Amino acid sequence: MLDVERQASHSVLRDAGDQLNQERRRAEEATYRVETAERREKEALGRLVVLERMQHGLETEMIAAEQKSQHLQVQLELSERELKGYQRDISLLQEEFDDVKKSLRQSQEQCRKYRTTLRDWELKMDNREKAMQIAVTKAFDEGDDVGYDVGFKDGHSKGKIEGKAQGIKAGRQQGLLEGKEQGRLEERRNALDAIDKFLAEEDAQGDSGKVRRWAQSVYYAESQELETYIPLPMATTEQHRRKGPKDLPKLPASAFVPPNSATEDSFPLGPDPSTVQPEAVIDANVIVKDGDVNHTKWKKDAGQVLGGRIRGVVLSLPGTDLETINKKLESSSDLDKIVSLIVPFNAEKPDPALESQLSLAKVPTSLSTVYTGASDEVVAGLKWALERGRPVDVDVQVVLTESTLEGFEDTVSKATEGLSQLPPIILSNILPPPHDLDLPIIRLMNHPSYLAFQSQVAALSLLPSVYIKFLPPAWDSPTPQTPYPGSPTETPEGKVQREWKRRIKMYLGPVLEAFGYQRIIFGSSPSTSSAGPSNAGDWYEIARESLAELVAEQEFVDAVFYGNALTVYGPAKKADA
Numbered sequence: 000m001l002d003v004e005r006q007a008s009h010s011v012l013r014d015a016g017d018q019l020n021q022e023r024r025r026a027e028e029a030t031y032r033v034e035t036a037e038r039r040e041k042e043a044l045g046r047l048v049v050l051e052r053m054q055h056g057l058e059t060e061m062i063a064a065e066q067k068s069q070h071l072q073v074q075l076e077l078s079e080r081e082l083k084g085y086q087r088d089i090s091l092l093q094e095e096f097d098d099v100k101k102s103l104r105q106s107q108e109q110c111r112k113y114r115t116t117l118r119d120w121e122l123k124m125d126n127r128e129k130a131m132q133i134a135v136t137k138a139f140d141e142g143d144d145v146g147y148d149v150g151f152k153d154g155h156s157k158g159k160i161e162g163k164a165q166g167i168k169a170g171r172q173q174g175l176l177e178g179k180e181q182g183r184l185e186e187r188r189n190a191l192d193a194i195d196k197f198l199a200e201e202d203a204q205g206d207s208g209k210v211r212r213w214a215q216s217v218y219y220a221e222s223q224e225l226e227t228y229i230p231l232p233m234a235t236t237e238q239h240r241r242k243g244p245k246d247l248p249k250l251p252a253s254a255f256v257p258p259n260s261a262t263e264d265s266f267p268l269g270p271d272p273s274t275v276q277p278e279a280v281i282d283a284n285v286i287v288k289d290g291d292v293n294h295t296k297w298k299k300d301a302g303q304v305l306g307g308r309i310r311g312v313v314l315s316l317p318g319t320d321l322e323t324i325n326k327k328l329e330s331s332s333d334l335d336k337i338v339s340l341i342v343p344f345n346a347e348k349p350d351p352a353l354e355s356q357l358s359l360a361k362v363p364t365s366l367s368t369v370y371t372g373a374s375d376e377v378v379a380g381l382k383w384a385l386e387r388g389r390p391v392d393v394d395v396q397v398v399l400t401e402s403t404l405e406g407f408e409d410t411v412s413k414a415t416e417g418l419s420q421l422p423p424i425i426l427s428n429i430l431p432p433p434h435d436l437d438l439p440i441i442r443l444m445n446h447p448s449y450l451a452f453q454s455q456v457a458a459l460s461l462l463p464s465v466y467i468k469f470l471p472p473a474w475d476s477p478t479p480q481t482p483y484p485g486s487p488t489e490t491p492e493g494k495v496q497r498e499w500k501r502r503i504k505m506y507l508g509p510v511l512e513a514f515g516y517q518r519i520i521f522g523s524s525p526s527t528s529s530a531g532p533s534n535a536g537d538w539y540e541i542a543r544e545s546l547a548e549l550v551a552e553q554e555f556v557d558a559v560f561y562g563n564a565l566t567v568y569g570p571a572k573k574a575d576a
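The sequence shown finishes on residue 576 if you use numbering that gives the first Met the number 0, and the numbering steps up by one all the way, no holes.
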């Protein structure tokens with residue numbers, strides 16, 4: 000809503016500016032006419048003075064002529080006729096002078112109107128700027144941790160962790176004495192209601208699991224109104240267009256208030272995000288360097304935490320020499336952990352021989368390309384890749400603006416047109432997008448690039464069969480190192496890591512809301528456009544904690560770090576191909 004209001008305000012300001020420019024031009028024209036009239040007035044006055052002087056001279060000559068002899072009478076008559084001619088000219092000049100004065104008065108009146116209108120518009124613009132400054136100041140004052148929690152104050156993590164903890168503490172302090180008896184009665188009534196609902200649902204469906212989950216999330220608040228916990232809904236793949244990012248759901252205030260009994264067993268806190276770990280991990284973007292299909296360096300970087308949970312990797316090949324890769328895979332001890340191979344191709348001119356090479360691979364294969372702009376050749380190349388029935392990775396190496404986004408959407412739409420079965424399309428270099436780390440978070444929240452990112456992600460989520468990879472960002476800076484267990488929290492490395500997590504969560508939130516957790520895939524190697532190095536283990540910790548702080552459900556974490564990659568790149572895709 001704020002985005003729409005801001006756009007409307009910008010539109011009004013542009014219209015007002017255009018009108019001001021038009022009125023300014025009219026004022027300048029009126030001023031020019033006034034200056035012209037003043038010059039003509041001065042010229043007329045000068046001529047009038049000259050004529051008055053001449054008249055005075057003629058009168059003097061006439062008096063002298065009367066005193067002189069009669070032979071000067073003829074010259075006097077000529078002078079009188081000349082005087083009459085001058086008088087006629089003076090009359091005409093006087094009429095013209097009157098017209099100029101009238102035009103001057105009209106111009107002055109119009110200028111006064113223009114000045115009044117200009118002052119009104121300037122006052123309106125000042126009021127709007129002050130209102131925007133007040134709104135920004137208010138948002139900053141209400142923010143927590145340098146304004147970060149302003150964007151997530153209604154989010155799932157704060158509502159489930161901080162809100163519950165604060166509500167329990169407040170409820171204990173305020174209702175410790177008088178709330179015991181009331182809490183006992185309310186808990187008894189809640190238990191009876193839960194039993195009744197349990198029996199009713201058991202008779203109707205025979206599903207006790209759902210009743211148990213309901214009983215854990217339903218209670219009576221002090222207002223005696225039934226409140227339920229509202230989980231964060233995820234976007235689906237419905238094919239409908241929306242103008243911008245959806246508003247995150249708002250939790251009711253009572254969702255942050257515990258039962259009056261406030262016992263830990265009946266009202267437990269959510270899991271600590273730092274302890275939420277995926278059951279298994281598939282790294283969906285491991286770049287093969289120097290032909291190392293055993294990914295030795297990656298194993299070293301992964302460390303014990305990531306290495307102990309890894310169940311598979313998706314190897315991204317630098318070239319199309321599959322024959323050599325196949326020979327190395329035959330002798331590799333990690334063949335069973337290679338989920339898929341990603342083979343690059345040129346979208347503008349695909350190699351027809353690539354298809355025959357793909358069929359000889361020992362493991363499932365997919366294709367990848369770099370998108371730098373829309374063209375008919377790119378449409379044809381992408382369509383060729385999709386017709387192979389294999390997943391296609393697209394590294395978006397173009398700054399997304401309104402025009403480039405429309406070009407990319409048009410490219411995907413044309414490339415998928417007429418396909419009976421559409422394979423997955425996986426986008427990278429978008430989560431998180433390229434970004435300037437020097438831009439403070441408080442400014443980033445209202446920055447045009449971040450507002451545009453939310454709209455762009457919402458639009459991309461509507462493309463059919465599109466997934467998005469969660470990769471190290473191309474921020475021209477190395478991924479922060481994970482602090483050692485037990486090390487002080489206020490270390491430079493810890494501060495940098497927390498800063499990264501804050502920024503990543505700002506971009507991860509809109510993507511979760513638009514794509515849902517079912518279409519986000521974890522990978523540890525950055526886009527080829529990234530100039531900053533990244534360590535697989537460090538990025539895993541940052542990505543895992545960022546996701547867990549937004550959605551701490553085990554199902555969400557398992558899907559992003561394992562299930563989605565297996566669905567897209569797994570053996571089933573090879574059979575389909």
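All residues carry an ideal CB built from backbone N, CA and C; glycine is no exception.
On a predicted model such as this, the values are computed, not experimentally measured, just so you know.
Residue environment for Pro-509: buried (at least 16 other C-beta atoms within 10 angstroms of its C-beta).
Shortest Cα-Cα distance from Ser-545 to any of Pro-423, Lys-112, Val-275, Ser-8 involves Val-275. Inter-segment contact for the segment 514-530 and the segment 388-403 is present: three or more beta-carbon pairs are separated by less than 8 Å. Looking at the DSSP output, Ile-62 sits in no beta bridge, so it has no partner there. Within the same chain, no residue comes within 7 Å of Asp-435 by CB-CB distance, once the 5 residues on both sides are set aside.
Glu-94 counts as exposed, since fewer than 16 other C-beta atoms from the protein chains shown sit within 10 angstroms of its C-beta. For Pro-433, the CB contacts under 6 Å within the same chain, skipping 5 residues up- and downstream, are Ala-473 in chain order.
Taking a contact to require three or more Cβ pairs closer than 8 Å, the segment 556-569 and the segment 289-298 do not qualify as touching. Considered as a whole, the segment 95-133 harbours no complete run of any beta strand (DSSP E) with no fewer than 3 residues. Residue burial is scored here from C-beta neighbours: Gly-372 has fewer than 16 other C-beta atoms within 10 angstroms and is therefore classed as exposed. A straight-line Cα-Cα distance of about 34 Å links His-55 and Arg-32. With a threshold of 16 other beta carbon atoms within 10 Å, Asn-284 meets it and is buried. Unbroken beta strand (DSSP E) stretches of 3 residues or longer found wholly inside the segment 478-532: 519-521, given in chain order. Only exposed fits Arg-188, as fewer than 16 other CB atoms lie within 10 angstroms of its CB. Taking all protein chains shown into account, Leu-421 has fewer than 16 neighbouring C-beta atoms within 10 Å of its C-beta and is therefore exposed. Linking Leu-77 to Leu-44 through their CA atoms gives a straight-line distance of about 25 Å.
Per DSSP, the continuous beta strand (DSSP E) segment holding Leu-430 begins and ends at 424-430. In the DSSP assignment, Asp-392 falls within the unbroken beta strand (DSSP E) covering 391-395. In terms of Cβ geometry, Pro-390 and Ser-365 form a close pair [threshold 7 Å]. Taking 7 Å as the cut-off, the beta carbon of Arg-308 is found closer than this to the beta carbon of Val-280.
Here Glu-554 is exposed. Its C-beta has fewer than 16 other C-beta atoms within 10 Å.
Annotated three-state conformation of Thr-371 is coil, per DSSP. Take Thr-490, set aside five residues on each side of it, and the residues of its chain with a beta-carbon closer than 8 Å to its own are Pro-482, in chain order. In this structure the segment 459-478 lies against the segment 509-519, because at least three pairs of beta carbons, one per stretch, are closer than 8 Å.
The Cβ atoms of Pro-272 and Ala-547 lie closer than 7 Å to each other.
DSSP places Asp-409 outside any beta strand (DSSP E); the residue lies instead in the alpha helix (DSSP H), whose first and last residues are 401-415. The closest CA to that of Ile-440, considering only Ser-374, Glu-185, Val-287, Arg-497, is found on Arg-497. Its Cα nearest to that of Lys-112, the residue Ala-29 stands out among Ala-29, Asp-125, Leu-75. One alpha carbon belongs to Phe-344, the other to Leu-426, and they sit about 15 Å apart. Contact annotation: Met-61 and Leu-50 have beta-carbon atoms that are not nearer than 7 Å.
Of the candidates Pro-471, Glu-512, Gly-522, Pro-471 places its Cα closest to the Cα of Lys-500. At least 7 Å separates the beta-carbon of Trp-120 from that of Ala-7. In the same chain as Val-556, and ignoring 5 residues on each side of it, the C-beta atoms closer than 8 Å to its own belong to Val-275, Gln-276, Pro-277, Arg-543, Leu-546, Ala-547, Val-550, in chain order.
Excluding sequence positions up to five before and after Leu-103, its CB lies within less than 7 Å of the CB of Val-33, Ala-36, all in the same chain and listed in chain order. DSSP places Phe-555 inside the alpha helix (DSSP H), whose first and last residues are 553-557. As a beta-bridge residue in DSSP terms, Lys-468 pairs with Ile-520.
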